[in-house]
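Asks:
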Amino acid sequence: MPHSSPLRSLRKNSEIALVLGLGRGDRDVGRVSECAKGGVGQIPMAQVRRFIALALPFVLLACGTTVGPAASAESASGGDASAGGAGAGGTASGGANGGAGAGGAASGGATGSGGAQPDPDGAGEEFLLSFPRRNAFGLGQPLAATKNGSVITVGARAPAELLPESIGEPFLAEYSATGEVLHALALPGAAEPELMAIDAEGSIFLVGQLYMDMTFGELTLTAVEDGFYLVKVNPDFSIALAAGVTLEGSSPLSAIAVDADGDLVVGLGVYNDDASVQKPQIMKFSGSTLEAIWSTTFEHDISQGYTIALAFNRDGEILAGGAFTGILTIGETELKKAGGQDDPAVYNGWLAWLDPESGDPLRALRFGGASFDYVKDLKSTASGRLLLLASQTSTSTFLDHTDTFDEERSESILYDFEDGQTVHWASRLGGPDYYGNALALGGDGQSYVAGRFGWLGTEEDAKGGRLTRFAADGTKGESVEFATGNPNGLTHVAVDTKGGVWVSGAWETALDFSGKSYAPPTDGGQFILRKKGF
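Numbering-wise, the sequence shown is residues 485 to 1018 according to our numbering.
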């Protein structure tokens, strides 16, 4: 670990026992674990660098506090049109043959542990789907809502009831609003997709690490030393395209979005050769060919700089956001932290607007103080305004809005703002015990924030996930809690066209939902639940 890394500094102020094997997707980085069997000295340097690159984002994006005791949470980028980032990660074992039926698509019939339900009012039903544990620090699976009322997810280990001939393989699945499996696709021998997005036609884009040869349908990609794969899946879950992308250094994949033309924008961060500096990078790819259109990298002088979320404004410009420590140069704009220049554990948030045709930065801004402030999620509303979910410490300032609260902990704040100008409203989520992880848009201008409550050291029933609804004017509405026994809480959220709210997370204890009690797998696992009428 580089001396400039904030990991050691964060440990001093954290109650979390940080495990370096955990990446953005909360994964036991399988390629490292497998190499370790043959001795550490046999691990290729490229994999060591990737190990570091994938470990630190868990620290940056998981810590919900900066000054006082920290708790573990995870950033996620999910919702109505795209999903991914945190909670999507991991590696799969096994060859490309994968057994009978592996790699093929299945449709209809199977249901999750909640079971398919009747739909008398046409609004869908409430149910819970259970999935096997991915590793010791489970997070939820990415979610993306389709225009047909269904929701798509990706995971590391397919359960038997979903793909009985591909148990334990990475998978892609589509569920109806009643819990029925509409499509399911095994991805044998591939790294689990870390990012997922859907275009207007219903095609699905998957992005993941390409550290070994991988086969998608009839298309085989050759491993690269540093880089990732792009796969386009048709609405019927057949493989349309696959491409490999080579990078100049190891990179955590962290954000994804599809524009109005169906082109794909990917946010990441690229490390230098010794993994001492990470620079935020934005890349655009053709949605029809997967060919690269442009790539833009922001210079960063020390330690880590991250791209965390992507969105588009009303003019089609790309809005990217993240976190940095040190000095971040975006085009002609030089952003400096408000304080703690010599402390690599002090982060500020950044936002940048990019020309969609060239990737050139148009303008940029920073926010935060001398502690730990960063972007959690971004969304563009139907009215053209932008929503920003941010983690901030007191005194928090964003554009023309300032808020003061308990200085001992950070808080999550939801902002409604015009492009780099005015904050229309700001709403705090509810104090230092509630941190937002992900943001999704609903009908009538409503928005939904999924997050977590409770600390890592608290009792099992005192930690879990919380979902809160906000009105179009920022008024905080109803909240519902799910005691999951896992401090990461709810990591992804999506709203389907029937108004159902889907959330995902990890669970260690029995969960009561919709008048039923559900038990997790014996060693814990992941879950997805749908709540109607919320």
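We put the beta carbon where it would ideally sit given N, CA and C, even for glycine.
All values derive from a computational prediction rather than experimental measurement.
Secondary structure at A836, three-state DSSP: helix, strand or coil?
Replies: If DSSP states are grouped into helix, strand and coil, A836 belongs with the strands.
Asks: Just to confirm before moving on: does the CB-CB distance between T637 and P672 stay below 9 Å?
Replies: Not in contact: T637 and P672 (Cβ atoms no closer than 9 Å).
Asks: Taking the C-alpha atoms as reference points, what is the distance between A640 and G843?
Replies: In a straight line, the C-alpha of A640 is about 33 Å away from that of G843.
Asks: In chain order, what residues of the same chain lie with their CB nearer than 7 Å to the CB of G1008, ignoring the 5 residues before and after it?
Replies: Only R617, G622, A990, W991, E992 meet the Cβ criterion.
Asks: For S864, which residues of its own chain have a beta-carbon under 8 Å away from its beta-carbon, when the five flanking residues on both sides are left out?
Replies: Same-chain partners within the cutoff: A795, F796, N797, R798, L803, L870, L871.
Asks: Pick out the complete beta strand (DSSP E) segments inside the segment 891-938, 3 residues or longer, and give them in chain order.
Replies: Whole beta strand (DSSP E) segments, 3+ residues: 894-901, 907-912, 918-925, 931-937.
Asks: Ignore the nearest five residues each way along the sequence and tell me which others in H908's own chain have a CB closer than 8 Å to its CB.
Replies: Only R869, D900, F901, E902, G958 meet the Cβ criterion.
Asks: Looking only at C-alpha atoms, which of F782, S722, D683 sits nearest to G701?
Replies: Answer by Cα proximity: S722.
Asks: Answer with buried or exposed for E609, where buried requires no fewer than 16 other C-beta atoms within 10 angstroms of its C-beta.
Replies: Under this definition E609 is a buried residue.
Asks: With burial defined as no fewer than 16 other Cβ atoms inside 10 Å of the residue's Cβ, what is the status of G828: buried or exposed?
Replies: Position check: residue 828 holds Pro in this sequence, whereas Gly was assumed. The residue is buried, with at least 16 neighbouring Cβ atoms inside 10 Å.
Asks: Exposed or buried, S772, counting other C-beta atoms within 10 Å across all chains shown (16 or more means buried)?
Replies: Exposed, since its Cβ has fewer than 16 Cβ neighbours within 10 Å.
Asks: Evaluate G949 with the Cβ neighbour count: other Cβ atoms within 10 Å of its Cβ, from every protein chain shown; 16 or more gives buried, anything less gives exposed.
Replies: Under this definition G949 is a buried residue.
Asks: If contacts are defined as beta-carbon pairs under 8 Å, then L612 and F1011 qualify, I think. What distance do you get, rounded to the angstrom?
Replies: Sure, about 6 Å apart at Cβ, within 8 Å.
Asks: Residues in the same chain with beta-carbon distance under 8 Å from E732, minus the five sequence neighbours each way, listed in chain order, please.
Replies: These residues qualify, in order along the chain: D710, V754.
Asks: Opposite V985 in the DSSP bridges: which residues?
Replies: V979, K1015.
Asks: Measure the beta-carbon distance from L846 to W834 and round it to whole angstroms, keeping in mind my assumption that it falls under 8 Å.
Replies: Actually they are not in contact, since the Cβ atoms of L846 and W834 sit about 14 Å apart, beyond 8 Å.
Asks: Quick one: using the 10 Å Cβ neighbour count with 16 as the cut-off for buried, is P840 buried or exposed?
Replies: It counts as buried.
Asks: Closest to A854 by CA distance: which of L883, T817, G824, P643 is it?
Replies: Nearest option by C-alpha distance: G824.
Asks: So, with DSSP's three-state summary, where would you put A956?
Replies: Three-state DSSP puts A956 in coil, outside helix and strand.
Asks: Counting only the same chain and skipping the five closest in sequence on each side, list residues whose C-beta sits under 8 Å from that of K521.
Replies: Annotation note: pLDDT 25 at K521 (below 50); position unreliable, no value reported.
Asks: Since I believe A670 is in contact with A642 (beta carbons under 8 Å), could you give me their beta-carbon distance rounded to a whole number of angstroms?
Replies: 6 Å between Cβ atoms; contact.
Asks: Classify K860 as buried or exposed, calling it buried when 16 or more other Cβ atoms lie within 10 Å of its own Cβ.
Replies: Flag for K860 reads buried.
Asks: At the level of alpha carbons, what is the spacing between A994 and T968?
Replies: The straight-line gap from Cα to Cα measures roughly 7 Å.
Asks: Using the Cβ count rule (16 or more neighbours within 10 Å means buried), how would you classify T662?
Replies: Buried, since its Cβ has 16 or more Cβ neighbours within 10 Å.
Asks: Using the Cα positions of Q788 and I766, report the straight-line distance between them to the nearest angstrom.
Replies: Approximately 15 Å, taken between the alpha carbons.
Asks: Distance, Cα to Cα, L974 vs G961?
Replies: Those two C-alpha atoms are separated by around 18 Å.
Asks: Roughly how many angstroms separate the alpha carbons of G929 and F954, rounded to a whole number?
Replies: Distance between the alpha carbons of G929 and F954: 9 Å.
Asks: Buried or exposed: which applies to G926, given that a residue is buried once 16 or more other Cβ atoms fall within 10 Å of its Cβ?
Replies: That one is buried.
Asks: Please report the distance separating the alpha-carbon of S896 from that of A1003.
Replies: About 30 Å.
Asks: Taking the straight line between their C-alpha atoms, what separation do you get for G574 and P971?
Replies: Because the pLDDT of G574 is 28, which lies under 50, any placement of that residue in the model is unreliable, and the number read from its coordinates should be weighed accordingly. About 20 Å.
Asks: To which residues of the same chain is A946 closer than 7 Å at the C-beta, ignoring the five residues directly before and after it?
Replies: Answer for A946: G938, listed in chain order.
Asks: What would DSSP say about D510, mapped onto helix, strand or coil?
Replies: Confidence is the limiting factor: at D510 the pLDDT is only 35, short of 50, which leaves the residue's position unreliable, though a coordinate-based value still follows. Of the three classes helix, strand and coil, the one that applies to D510 here is coil, per DSSP.
Asks: In the structure shown, what three-state DSSP assignment does A807 receive?
Replies: DSSP places A807 in strand when its eight states are reduced to three.
Asks: DSSP state of A946, grouped into three classes?
Replies: Looking at A946 - three-state DSSP - the assignment turns out to be helix.
Asks: When the Cα atoms are used, what is the spatial distance from L806 to A793?
Replies: First, the residue type needs correcting, since residue 806 is Gly and not Leu in the sequence shown. When rounded, the distance between both Cα atoms is 7 Å.
Asks: Just the Cα atoms here: how many angstroms apart are T704 and E653?
Replies: Near 17 Å, if we compare the C-alpha coordinates of E653 and T704.
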